[in-house]
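One structure is given below, encoded as structure tokens.
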Amino acid sequence: MPVQTKKIINDGNRSVDEMLEGVLAAHPRHLKSAAGSPRSIIARDGPRAGKVGLVIGGGSGHEPTFLGFVGKGLADAAAIGNVFASPPPDPILECAKAVSGGAGVLFMYGNYAGDVMNFDMAAEMAAMDDIEVRTVLSTDDVASAPRDQRQKRRGVAGNFFIFKAAGAACDRMLSFDECERIARKANDHTFTMGVALSPCSLPQTRRPNFEIGPDEMEIGMGIHGEPGIARGKLKTADEITDEMLDKILAEMAPVRGDKVAVLVNSLGSTPLMELYIMNRRLRRRLDDIGVSVHATWVGNYCTSLEMAGASVTLMHLDGELQTMLDHPCDCAMFRAG
Numbered sequence: 012m013p014v015q016t017k018k019i020i021n022d023g024n025r026s027v028d029e030m031l032e033g034v035l036a037a038h039p040r041h042l043k044s045a046a047g048s049p050r051s052i053i054a055r056d057g058p059r060a061g062k063v064g065l066v067i068g069g070g071s072g073h074e075p076t077f078l079g080f081v082g083k084g085l086a087d088a089a090a091i092g093n094v095f096a097s098p099p100p101d102p103i104l105e106c107a108k109a110v111s112g113g114a115g116v117l118f119m120y121g122n123y124a125g126d127v128m129n130f131d132m133a134a135e136m137a138a139m140d141d142i143e144v145r146t147v148l149s150t151d152d153v154a155s156a157p158r159d160q161r162q163k164r165r166g167v168a169g170n171f172f173i174f175k176a177a178g179a180a181c182d183r184m185l186s187f188d189e190c191e192r193i194a195r196k197a198n199d200h201t202f203t204m205g206v207a208l209s210p211c212s213l214p215q216t217r218r219p220n221f222e223i224g225p226d227e228m229e230i231g232m233g234i235h236g237e238p239g240i241a242r243g244k245l246k247t248a249d250e251i252t253d254e255m256l257d258k259i260l261a262e263m264a265p266v267r268g269d270k271v272a273v274l275v276n277s278l279g280s281t282p283l284m285e286l287y288i289m290n291r292r293l294r295r296r297l298d299d300i301g302v303s304v305h306a307t308w309v310g311n312y313c314t315s316l317e318m319a320g321a322s323v324t325l326m327h328l329d330g331e332l333q334t335m336l337d338h339p340c341d342c343a344m345f346r347a348g
């Protein structure tokens with residue numbers, strides 16, 4: 012029986028609610044909870060009449076995804092589930108009500124069965140309150156399904172770019188049709204690959220959620236520990252980065268002169284030093300093929316509790332997506348512009 016992991020918690024079953032209490036105490040200028048619904052986190056400055064509302068959400072344990080991206084210019088609200096579990100329909104519905112400005116509400120979240128079921132139920136409930144809801148799923152995880160079955164892929168760290176573009180469209184007061192179109196376009200232009208080096212452990216169990224050898228790595232593992240596409244001996248940073256980038260570039264098919272945005276994301280415990288070593292290799296590879304990097308983000312953006320590992324995301328930019336990425340936003344855990 013593996014030894015229990017160490018965590019700075021009180022009660023594993025209360026960890027999400029205590030985290031949310033601490034988040035609201037730290038960021039009162041940006042965030043509040045919906046009345047009577049503490050798992051519905053609302054932007055204080057964002058929802059307004061005539062604006063398409065953007066509701067994101069999913070399980071806890073991926074912070075700053077999802078609640079860190081709630082604020083002016085990005086998401087108007089986030090529905091928060093238990094660790095690695097979908098929020099139930101009720102807090103999602105309360106988010107929709109809180110951000111509805113009469114122009115429709117966009118639901119955006121990663122493509123996981125529980126999230127799809129509960130967000131769809133919430134959308135049906137919102138329709139009874141005369142709130143029109145449309146849904147755009149993020150499916151950026153290149154490793155999780157073949158190219159011809161992209162609709163089956165998971166949403167992972169690429170959520171950061173996809174939500175950012177959609178939030179900008181909404182904040183610019185574009186029509187519901189345009190906001191939905193840009194959200195889908197952003198998803199179609201975003202590609203992610205990850206590598207895991209060690210497992211994480213849930214607060215309730217404090218046991219590793221999968222096993223991996225001390226000298227092994229797994230390419231393509233999901234952010235909840237879903238199986239990847241290849242497990243083998245730990246390689247160098249350049250070799251790992253090349254392996255992930257090759258798969259992304261094969262799908263994205265950029266040509267010389269194209270632009271991308273880059274995200275090098277820690278899955279929780281991989282330090283910045285290692286992420287920047289990976290980014291060094293990424294930049295050299297992209298320079299070699301004549302693809303310019305418009306913007307780079309390095310750090311914790313979509314984590315898996317304390318999992319060791321990293322992911323690389325590229326968004327293939329055109330003028331419209333670049334404008335959306337550059338649009339100012341002010342969230343509790345992220346700012347741009």
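Here the sequence shown is numbered in our numbering, starting from 12 and rising by one per residue.
Backbone N, C-alpha and C define an ideal beta-carbon position, used for all residues, glycine too.
Under the three-state reduction of DSSP, Arg-183 is assigned to coil, being neither helix nor strand. Cβ contact annotation for Asp-299 (same chain, cutoff 6 Å, sequence separation greater than five): none. Sequence-distant Cβ neighbours of Arg-195 in its own chain, meaning closer than 7 Å and more than five residues away, are Val-147.
Assigned with DSSP and collapsed to three states, Phe-118 falls in strand. Cβ atoms of Ile-52 and Ala-107 stay farther apart than 8 Å, at about 13 Å. Collapsing the DSSP output to three states places Lys-163 in a helix.
Rounded to the nearest whole angstrom, the C-alpha separation of Ala-137 and Leu-104 is 6 Å. Of the candidates Gly-72, Gln-15, His-73, Gly-84, the residue whose Cα lies closest to the Cα of Gly-348 is Gly-84.
Annotation for Lys-163: Ala-156 place their beta carbon closer than 6 Å to its own, counting only its chain and skipping 5 residues before and after.
Where Ala-138 is concerned, there is no enclosing beta strand (DSSP E), although the alpha helix (DSSP H) around it starts and stops at 124-139. Around the CB of Ile-240, fewer than 16 other CB atoms lie within 10 Å, so the residue is classed as exposed.
If you look at Leu-256, you'll find it in the alpha helix (DSSP H) that goes 248-263.
Going by beta carbons, Thr-150 and Asn-170 fall outside the 8 Å limit. Within the segment 184-254, the beta strand (DSSP E) runs of at least 3 residues that lie entirely inside it are, in chain order, 201-209, 227-230, 241-244. Gly-23 carries a helical assignment under DSSP once its states are collapsed to helix, strand and coil. Three or more Cβ pairs closer than 8 Å define a contact, and the segment 334-346 meets that threshold against the segment 174-189. Residue Asp-56 holds the alpha-carbon nearest to the alpha-carbon of Ala-343 among Asp-56, Asp-199, Arg-50.
The beta carbons of Ala-86 and Phe-187 sit no closer together than 8 Å.
Look at Pro-102 here: in three-state DSSP terms it is helix.
Shown here, Arg-59 sits in coil according to DSSP, grouped into three states, outside any helix or strand.
Fewer than three beta-carbon pairs drawn from the segment 250-260 and the segment 56-65 are found closer than 8 Å, and the two stretches are therefore not classed as touching.
Classified as exposed, Gly-47 has fewer than 16 neighbouring CB atoms from the shown chains inside 10 Å of its CB.
Around the CB of Glu-29, fewer than 16 other CB atoms lie within 10 Å, so the residue is classed as exposed. Between the beta-carbon of Ser-212 and that of Thr-16 there is about 4 Å, and that keeps the pair under the 8 Å contact cut. The secondary-structure analysis by DSSP pairs His-338 with nothing; it has no beta-bridge partner.
Closest in C-alpha terms to Ala-124, from the list Phe-172, Gly-166, Met-139, Asp-159, comes Gly-166. Residue Pro-214 holds the alpha-carbon nearest to the alpha-carbon of Asp-22 among Pro-214, Val-81, Asn-93. Under the 10 Å beta carbon count, Asp-152 is surrounded by 16 or more other beta carbons and is classified as buried. For Ile-52, the enclosing beta strand (DSSP E) starts and ends at 48-54. From the listed residues Met-119, Glu-262, Met-132, Asp-140, the smallest Cα separation to Arg-192 is found for Met-119.
Selection Val-271, Pro-102, Tyr-312, Ala-321 evaluated against Asp-329 yields Val-271 as nearest (Cα-Cα). Non-local beta-carbon contacts of Pro-102 in its own chain, meaning distances under 6 Å to residues more than five positions away in sequence, involve Ser-48, Arg-50, Ser-51, Ala-90 in chain order. Its chain contains Gly-64, Ile-142 as the residues whose beta carbon lies nearer than 6 Å to that of Ser-111, once the 5 sequence neighbours on both sides are disregarded; these appear in chain order. Counted as a single uninterrupted DSSP element, the beta strand (DSSP E) harbouring Met-326 occupies residues 319-328.
By the Cβ test, the segment 302-310 is in contact with the segment 282-289, since at least three Cβ pairs between them sit closer than 8 Å. Put simply, the backbone Cα of Ser-44 is about 14 Å away from that of Gly-92.
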